[in-house]
Amino acid sequence: MNKRTFLKFFALTSGSLVLANSDAHASSAHAAPNTAELQEMANKMFGEVIAQNDYYVNHQGSAFFEKMKNSQHPRATVIGCSDSRFQSDALDKTSENDLFIIRNIGNQFSSNMGSVEYGVRHLNTPLLIIVGHSRCGAIKAALSDYSAEGPHIINELDSLSLALRKTSLSGTEESKWLAAVIGNVHQQAYYAQKEFKGDVESGKLTIVGVVYDLANDFNNGYGRLKIVNINGETNPEKIMQFPLMKSLFKPVHV
């Protein structure tokens, strides 16, 4: 994917909120691996990491690193969930020196405010993208009883649960889950807007909230990004009027 045009791969704001009928997300309970299995898994994985790094270095070449060894110049700050199913190449195939990425459970703004501020105000990224994703485990946990978790996880989920309390939920469990994912993106975007109010009003910063649909829950296709919020606006028709969206659909002159 050309990193200069990765926003063109965002899904349209229109689309159904109806969940795809699939049992693929229903995970069955299984026993945790024992110590020997964990060690074997670690050994295999680390071997793959080193091999992949060797391939990456050889594929990129020294000139690739020379261009960015002394400074970084990203064009977007991204707040994403730590979920391993979401990775940066869903946004930008060549994200090095282009995306300043902060990740935590539930793609929360308040968990890493210093890092986000650094991206926006020190690296001067004109775009802040908040990426939620369908079937988010952190969202599901925050909607349930998580009191048996460790203190650090509880602290993170408390913050997430607070955001979700502002979300109106109804319908099936699956539709509530998806609505909570969207609602959380809205709430995190709201927190970011309060912090960067002046930057947004001056036009220096645009805050975009999207949902990475790894389960085709919007029926727009697996892996698509659905734009749900731009600078606090959540109405799909009004979102389409933003210059950011209009730029995606420029007429082609032959």
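Counting in our numbering, the sequence shown runs from -10 upward without gaps.
All C-beta atoms, glycine included, are put in the ideal place defined by N, C-alpha and C.
Where residue i falls: helix, strand or coil (DSSP)
i	result
T24	helix
D12	Reliability fails at D12, whose pLDDT of 39 lies under 50, so the model's placement of it is uncertain and the value that follows must be treated cautiously. DSSP places D12 in coil when its eight states are reduced to three.
Q230	coil
N209	coil
A137	coil
First through last residue of the beta strand (DSSP E) which encompasses residue i
i	result
V120	L116 to H122
D202	T195 to D202
CB of residue i within 9 angstroms of CB of residue j, strictly
i	j	result
I171	T156	yes
A174	V120	Looking at the sequence shown, residue 174 is not Ala but Val. Taking 9 angstroms as the Cβ cut-off, V174 and V120 qualify as a contacting pair.
N96	Q177	yes
T83	L116	no
I91	I68	yes
D206	R124	yes
H141	C70	no
N218	G198	yes
L237	A79	no
Q61	N86	yes
A104	L88	Residue 104 is actually Ser in this sequence, not Ala. No, these two residues do not count as a Cβ contact at 9 angstroms.
Which residues DSSP lists as bridging residue i, in chain order
i	result
E222	I219
Span of the alpha helix (DSSP H), counted from its first residue to its last, around residue i
i	result
L237	From DSSP, L237 is part of no alpha helix (DSSP H); its letter is neither H nor E.
G160	That residue, G160, is in no alpha helix (DSSP H); it is neither H nor E in DSSP.
G126	G126 to A131
G192	It is not in any alpha helix (DSSP H) - G192 carries neither H nor E in the DSSP assignment.
### Task
May I have a chain-ordered list of the alpha helix (DSSP H) segments no shorter than 4 residues that lie completely inside the region 29 to 112?
51 to 55 and 102 to 106
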